[in-house]
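Residues in the sequence shown are numbered consecutively from 108, following this note's numbering.
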Amino acid sequence: MTQHSRDMSRRRLLFGGAAVGAGVLLAGCTSNEQTPTEAQTKAADGNANAEPGKQVTIGFSAPAADHGWIAAITNNAKAQAAAYSDVEFKTVEAGADAAAQRAALSTLISQKPDVIVLLPHDGKELNSFGLEAMAAGIPVVNLDRAFPDAKAYRLQIKGDNYGMGVSAATFIAEQLKAKGISNPVIAEIAGMDELELTQERTKGFNDTLAQHGLKVQNRRAARFTADSGQQEASQLLQALPKIDAIWNHDDDQGIGVLAAISQANRSEFFMVGGAGSKKAMEDIQADNTVLKATVTYSPSMASSAISLARLIGQDRGMSDLVELQVPKEIVLASETITKENASNYLKLGF
């Protein structure tokens, strides 16, 4: 959720290596061209903030929109900007890595947009750009992948990676207790271990399991892609002849995980996903796989980032808050989607 680090180099779906028989599951990935729903791009009709104001130019940069979650980030941002008559949306290519994105953003600074919304390849590596833009008087909205220096952004909006682990572990603990399972075998299929977001998710998962007297017996790290999810899940299933619960960090990655589970003909456990893809929600609703829940990390944050960038550019605050300015930081809660409430969340799925 997958800062869910889903850029072109890190989150490319490589279906060519998928095993025979996995095609149906792997084909379930969300189209990159999916149009955001009305719920994902909200102009807040009837709210004072929806009234046209000063014309604002918003510069935007995010890693290549070649895949599920990251594609939804860019699509949502574009659609949200289009909802406002007073916003000019200017996109710059992010390139293949942090250095290329840094160069493109430096060019953007020279064009002097009113605000820049940025999902960086890497927050630490792009921190210096945030400092440069802020020093040039251009407010920066840091989207998802955090800059370590608070002076590098005017607003930071992101999902709750630690909270994803907490939500997943809480659901698993409750389900195991309801089933009366003692000494359960719990497994984890993480994303990219070198990323801080993955580490935060695992820490939230481990901390919460420990509060229930539980722990992970086997953990594998995939790469936020369907093929890596399939590969790591296959090895996990071979290592554990019996499993009671699995948390897979990412729903796009989970396409491959479910393929491996189907090929192994295993169904003695239940699984929790991560991020909240439309495909995962539909599977949860249908209740015909081991996937019984997913914990959210919604790309709708990009829509919110554009709305807030507009207010910052117009020197306006959020109409429902007493304060005159947009807050410095917003962290979105990670919610648990189950068969019972999936219909409420489908409109936000990517």
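We put the beta carbon where it would ideally sit given N, CA and C, even for glycine.
No experiment lies behind these values; they were computed from the predicted model shown.
Residue j beta carbon less than 7 Å from that of residue i
i	j	result
Arg417	Val194	yes
Arg209	Phe236	yes
Val364	Gly336	yes
Asn325	Ala294	yes
Ala188	Ile362	no
Asp359	Gly202	no
Ile264	Ile419	no
Asn183	Pro406	yes
Val292	Lys349	yes
Arg327	Leu343	yes
Anticipated Cβ contact below 8 Å, residue i with residue j, distance rounded
i	j	result
Gly298	Asp334	That pair is no contact at about 14 Å.
Leu225	Leu250	6 Å
Thr90	Ala285	Nothing can be reported for residue 90, as the shown portion of the chain is limited to 108 through 457.
Leu415	Leu262	6 Å
CA-to-CA distance, residue j to residue i, given in whole angstroms
i	j	result
Ile180	Gln345	36 Å
Ser217	Leu321	54 Å
Arg373	Pro159	56 Å
Ala243	Phe457	35 Å
Ala259	Ala240	8 Å
Ile223	Arg423	16 Å
Lys197	Ala211	12 Å
Ala409	Ile279	29 Å
Leu238	Glu232	12 Å
Lys446	Ser213	46 Å
Ala340	Asn290	22 Å
Arg252	Ser369	34 Å
Phe254	Gly287	44 Å
Gly381	Ala367	17 Å
Thr411	Asn448	The sequence given here has Ser at residue 411, not Thr. Between Ser411 and Asn448, the C-alpha separation is close to 23 Å.
Ala207	Asn355	31 Å
Pro170	Glu200	8 Å
Lys454	Ala257	33 Å
Leu347	Ala317	21 Å
Lys185	Val248	15 Å
Pro434	Pro227	21 Å
According to DSSP, residues forming a beta bridge with residue i
i	result
Gln263	Asn249, Glu436
Val222	Ile165
Leu453	Leu453 pairs with nothing; no bridge assigned.
Trp354	Glu295, Val379
Phe196	Ile165
Arg327	Ile296
Ala400	Val379
Thr443	Val402
Cβ neighbours of residue i in the same chain (closer than 7 Å, five flanking residues each side left out)
i	result
Ile444	Gly383, Met388, Ile391, Ala400, Thr401, Thr403, Tyr452
Phe377	Gln282, Ala352, Val397, Lys399
Gln432	Gly424
Ala440	Asp267, Gly270
Pro220	Thr164, Ile165, Gly166, Lys197, Ile245
Lys310	Tyr269, Gly272
Asp394	Lys446
Glu375	Lys349, Ile350
Cβ shell of residue i (< 8 Å), same chain only, five flanking positions each side left out
i	result
Gly130	Confidence at Gly130 is low in this model, with a pLDDT of 37, below 50, so the placement of that residue is unreliable and no value is reported for it.
Gln421	Gly160, Lys161, Val163, Asp193
Ser450	Gln392
Glu430	Gly424
Val323	Ile293, Ala294, Glu295, Phe312, Asn313, Leu316
Residues near residue i in its chain [Cβ-Cβ closer than 6 Å; skip 5 each side]
i	result
Thr305	Ala297, Gly298, Met299
Asp85	No statement about residue 85 is possible, as the shown extent of the chain runs from 108 to 457 and does not include it.
Glu442	Thr403
His319	Ala280
Glu307	Asn268, Tyr269
Gln338	none
Ala371	Leu344
C-beta neighbour in chain D for residue i, strict 7 Å
i	result
Met299	Any reference to chain D falls outside this structure, which holds one protein chain only.
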